[in-house]
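So the structure is just underneath, and the comments pick up after that.
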Amino acid sequence: MIIISGNPHYSYHIKRICKYFISTVFALFFFFHTYGQRNEIGLFFGTSYYLGDLNPSRQFAMNSIGIGGIYRFNINDHLALRANGFWGNVAGDDAIIKYNENRNLHFRSNILELSVQGELNFLKFAPGNLDTGYSPYIFGGGGFFRFNPQAELNGRWVNLKPLNTEGQGSDLYPERKPYSLYSYNLLFGVGFKFNINRQFSAAFEWGMRRTGTDYLDDVSTTYPDPSVFAGNPDNDAIRLHDRSIENRGDNAGFQRGNPNVNDWYSFAGFILTFKIKDRSRLWCPAYD
2 MIIISGNPHY
12 SYHIKRICKY
22 FISTVFALFF
32 FFHTYGQRNE
42 IGLFFGTSYY
52 LGDLNPSRQF
62 AMNSIGIGGI
72 YRFNINDHLA
82 LRANGFWGNV
92 AGDDAIIKYN
102 ENRNLHFRSN
112 ILELSVQGEL
122 NFLKFAPGNL
132 DTGYSPYIFG
142 GGGFFRFNPQ
152 AELNGRWVNL
162 KPLNTEGQGS
172 DLYPERKPYS
182 LYSYNLLFGV
192 GFKFNINRQF
202 SAAFEWGMRR
212 TGTDYLDDVS
222 TTYPDPSVFA
232 GNPDNDAIRL
242 HDRSIENRGD
252 NAGFQRGNPN
262 VNDWYSFAGF
272 ILTFKIKDRS
282 RLWCPAYD
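The numbering of the sequence shown is the numbering used here, which starts it at 2 and goes up by one.
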């Protein structure tokens, strides 16, 4: 398991990496747009969902709306590079998934992702060319994302990170560092793309993201000793760190999550793209 620390200096470096990552992506795709001839921009419409401690294996469980935008540079008929900006919502609930009903935890979180990926078309495919009109493809890449797990308490949604529900940052658990709300992902998936006409193409796509955090759901290790919250008995952490239906009275040390496996999330849906004509060809439509 890889946990991104909540140390402010570490978070500063993560944010700097994100800025360099974004700047590099824009520079590369500006280069492709200037000198390339096969560029596309498009919109993604679909769904997002999560896999982790509150949903270990059920694909598409508690899925929600996912949307986004893409920029694709087609290197040739088989290879393409793509930049993504995606937004979605993920959730998990022991009462619904029923993997561990007695634990009785739940969460929701927004996901804001910036990523890049490479695509490999199995068949020849060129946007707008009806002679190479369709192809299945696979893709892989990576990026960064922001999340913010919340839980409902008495009709209001509470941000979980500030509560340190597993004793993060306390003297009793010095090895448990507060986690960051920024992390990286490694992504891969499959899709099927096809041309609609000379300007528009479309695709159906399903992509998985393995994250660099085990706290997308705010659940990772064991229940902390309740004494870590004793300084503020009215703190929401008292009520939210342990919501077990059959409460032993003191669950400290018992397993709350699985620290050996990081969380995952997914985007799946429909992509509609528009072919950007190369500037040098705007005056020569006969060659387009």
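Beta carbons: idealized from backbone N, C-alpha and C, even for Gly.
In the three-state reduction of the DSSP assignment, lysine 162 falls in the helix class, which pools H, G and I. In this structure the segment 206-218 touches the segment 261-268; the number of beta carbon pairs closer than 8 Å is three or more. Its Cα nearest to that of asparagine 252, the residue Asp226 stands out among Pro260, Gly144, Thr274, Asp226. Using a Cβ distance threshold of 8 Å, arginine 73 and leucine 113 do not count as a contacting pair. Under the 10 Å beta carbon count, aspartate 235 is surrounded by fewer than 16 other beta carbons and is classified as exposed. Bounds of the alpha helix (DSSP H) holding leucine 241 are 237-241. Distances from the alpha-carbon of serine 65 to those of Ile76, Val91, Leu115, Leu44 put Val91 closest. The continuous stretches of beta strand (DSSP E) do not include isoleucine 197, and DSSP gives it neither H nor E.
Non-local beta-carbon contacts of glycine 168 in its own chain, meaning distances under 6 Å to residues more than five positions away in sequence, involve Tyr174, Arg177, Pro225, Val229 in chain order. Leaving aside the five residues that flank glycine 142 on each side, the residues in its chain whose CB is nearer than 7 Å to its CB run, in chain order, Ser116, Val117, Gln118, Gly119, Leu188.
Annotated as proximal: serine 245 and asparagine 103, with beta-carbon spacing under 8 Å. For glycine 47 and alanine 127, the gap between their C-alpha atoms comes out near 24 Å. Here phenylalanine 193 has Pro137, Phe205 as same chain residues with Cβ atoms under 6 Å from its own Cβ, once five neighbours each way along the sequence are excluded.
Under DSSP, arginine 73 forms a beta bridge with Glu41, Arg83.
Judged by DSSP secondary structure, isoleucine 246 falls outside any beta strand (DSSP E); it is assigned neither H nor E.
By the Cβ neighbour-count rule, glycine 144 is buried, with 16 or more other Cβ atoms within 10 Å of its own. Assignment of alanine 269 by DSSP, reduced to helix, strand and coil, places it in the strand class. When Ala81, Leu273, Gly254 are compared, the shortest CA-CA separation from isoleucine 139 is found for Ala81.
Ala84 is the residue among Leu182, Ala84, Ile97, Gly170 whose C-alpha sits nearest the C-alpha of glutamate 41. Looking at the backbone, the Cα of phenylalanine 87 and that of serine 110 are separated by about 14 Å.
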